[in-house]
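>
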Amino acid sequence: IGHGREVYSHVALVSDRKGWQFESKFPVPGQFPIDITRSYEVWKIGDPTNSQRDKALDWCKRHQGIRYPYNMSGLLTDGLVGLRHSYVCSQYAAAAWKSADVKVNSEGQRILAPDVIPDFPGARMINRYEPGRT
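Each residue of the sequence shown is one higher than the last, beginning at 17 in the numbering used here.
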């Protein structure tokens, strides 16, 4: 959700259900309608196969409503403060792609930061949506 590197604030996986996405948001991850009141972009990272996309979505479907041992407060404070069993959206997306053997983060990083998506080899914006535009 956002505009390139300017104001990214969230990352999710577009669902196979039209108008829906898999995302981690408080209190648990799940499948939620895409918020069409906000500007957002849909990006493709590299060239995952249809099978890999299906595996990532299957992972999301199996992990709906499950809390994880990752946490935003720990991420923001380099682990000094921990909020147990919460999950940052970028960690959720990275885990889904990892389950399908698709590499979406740099060496040594555990997350897929939304503002670095344009830097990935082969990353390309598929579409940009603005409220009120068709």
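A virtual CB, placed ideally from N, CA and C, is assigned to each residue, including glycine.
1) Does DSSP classify Arg54 as helix, strand or coil?
2) Between the C-alpha atoms of Lys77 and Asp63, what's the straight-line distance to the nearest angstrom?
3) Kindly indicate which three-state DSSP category Ile61 falls into: helix, strand or coil?
4) Between Trp59 and the rest of its own chain, which residues show a CB-CB distance below 8 angstroms, the 5 nearest in sequence each way excluded?
5) What is the DSSP secondary structure of Gln107, counted as helix, strand or coil?
According to the data block:
1) Mapped onto the sequence shown, residue 54 falls at position 38. Arg54: coil per DSSP, three-state reduction.
2) Translated into positions along the sequence shown, residue 77 becomes position 61. Translated into positions along the sequence shown, residue 63 becomes position 47. Using only the alpha carbons, I get a separation of about 22 angstroms.
3) As a first step, residue 61 is located in the sequence shown; it is residue number 45 there, counting from the start. It is coil, neither helix nor strand.
4) Position 43 of the sequence shown, counted from the start, is the residue given in the question as residue 59. Within the same chain, Trp59 has close Cβ partners Ile133, Pro134, Ala139, Arg140, Met141, Ile142.
5) Translated into positions along the sequence shown, residue 107 becomes position 91. Of the three classes helix, strand and coil, the one that applies to Gln107 here is helix, per DSSP.
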